[in-house]
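Enquirer: Position in the sequence shown counted from 1, then plus 227, gives you this note's numbering. Beta carbons: idealized from backbone N, C-alpha and C, even for Gly.
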Amino acid sequence: FARGLAADQRRYGIVLCGGDTVVTPGPLTVTITAFGRVARGRGLTRDGARPGDRLWVTGTIGDGALGLLAARGQLVAAALERRFRKPEPRTALGARLVGIATAVADVSDGLLADAGHIADASGLSVHIARERVPLSAAARRAVAQEPRLWVNVLGGGDDYELVIAVPPRRESALRVAARVAKVKVTPIGRFDRGRGVALTVGGRTAHTPRKGYVHF
């Protein structure tokens with residue numbers, strides 16, 4: 228654990244500057260709080276999306292939630308379990324999104340929930356086409372064998388990918404930034420007037436509860 232923490236400090240330019248240890252009769256629990264600074268005007272927020280912006284996502288979605296099932300022995304997929312246990316935050320691309328994206332969130336609560344967070348904060352609706360959601364080969368096999376796992380893919384979270392609102396005129400800049408950061412980006416939907424999250428499957432609106440982690 229200490230070696231891994233040291234490696235992350237070197238990779239992401241962070242410093243462990245304090246800590247405390249206490250006794251617990253239960254299992255080992257580690258809590259980490261991160262603090263940082265953002266230069267004025269350089270912050271990426273959820274509330275800036277505009278009607279007509281497209282919704283993009285980095286990487287692949289669903290590996291975290293399906294990987295949790297694999298870790299629990301409910302699914303046999305070593306690749307998914309690895310993604311669950313060691314996610315890759317998209318910090319390199321995130322740092323390049325200032326001036327390109329109008330709103331950004333990470334997929335920690337679930338794709339539908341986190342896209343919905345942007346829509347809610349921006350006072351808009353978001354429309355997502357399920358067939359456009361990028362899946363890893365392992366996740367694609369899992370949902371092909373058991374379609375009900377789409378609920379986990381769309382609502383499970385723990386992917387730590389980015390959902391990004393981008394105006395059409397800046398999409399080429401997004402592609403360049405993604406190429407430099409060596410991250411795949413995929414358009415999966417759009418923002419419009421109205422409220423809520425709409426999911427389509429094969430062009431038809433699907434009744435899918437907006438699942439995801441609820442903080443409060």
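Look up Ile391 in the DSSP assignment and give the residues it is bridged to.
Expert: Ile391 pairs with Trp283, Val331.
Enquirer: Here's the rule: buried if 16 or more other CB atoms are within 10 angstroms of the residue's CB, otherwise exposed. What is Thr260?
Expert: Exposed: under 16 other Cβ atoms inside 10 Å.
Enquirer: Under a Cβ-count criterion, where at least 16 other Cβ atoms within 10 Å of its own Cβ denotes burial, should Val265 be classed as buried or exposed?
Expert: Under this definition Val265 is an exposed residue.
Enquirer: Please return the same chain residues whose Cβ sits closer than 6 Å to the Cβ of His354, not counting the five positions on each side in sequence.
Expert: Excluding residues within five positions, the ones whose Cβ falls inside 6 Å are Gly416, Arg417, Ala425.
Enquirer: Can you find the residues in the same chain that come closer than 6 Å, C-beta to C-beta, to Thr413, ignoring five residues on each side of it along the sequence?
Expert: So the qualifying residues of the chain are Val284, Pro361.
Enquirer: Please work out which residues of its chain come closer than 8 Å, Cβ to Cβ, to Val303, disregarding the five sequence neighbours upstream and downstream, and give them in chain order.
Expert: Excluding positions up to five away in sequence, the list reads Ala297.
Enquirer: Between Ala276 and Gly383, which are expected to be in contact by the criterion C-beta below 8 Å, what is the C-beta distance as a whole number of angstroms?
Expert: Incorrect: roughly 23 Å between the Cβ atoms, too far for contact.
Enquirer: Which residues bound the beta strand (DSSP E) around Thr251?
Expert: From DSSP, Thr251 is part of no beta strand (DSSP E); its letter is neither H nor E.
Enquirer: Return helix, strand or coil for Ala266, following the three-state DSSP convention.
Expert: Reduced to three states, the DSSP call for Ala266 is coil.
Enquirer: Can you say whether Thr274 is buried or exposed, counting buried as having 16 or more other CB atoms within 10 angstroms of its CB?
Expert: Note on identity: in this sequence residue 274 is Asp, with Thr being the wrong assignment. So Asp274 counts as exposed.
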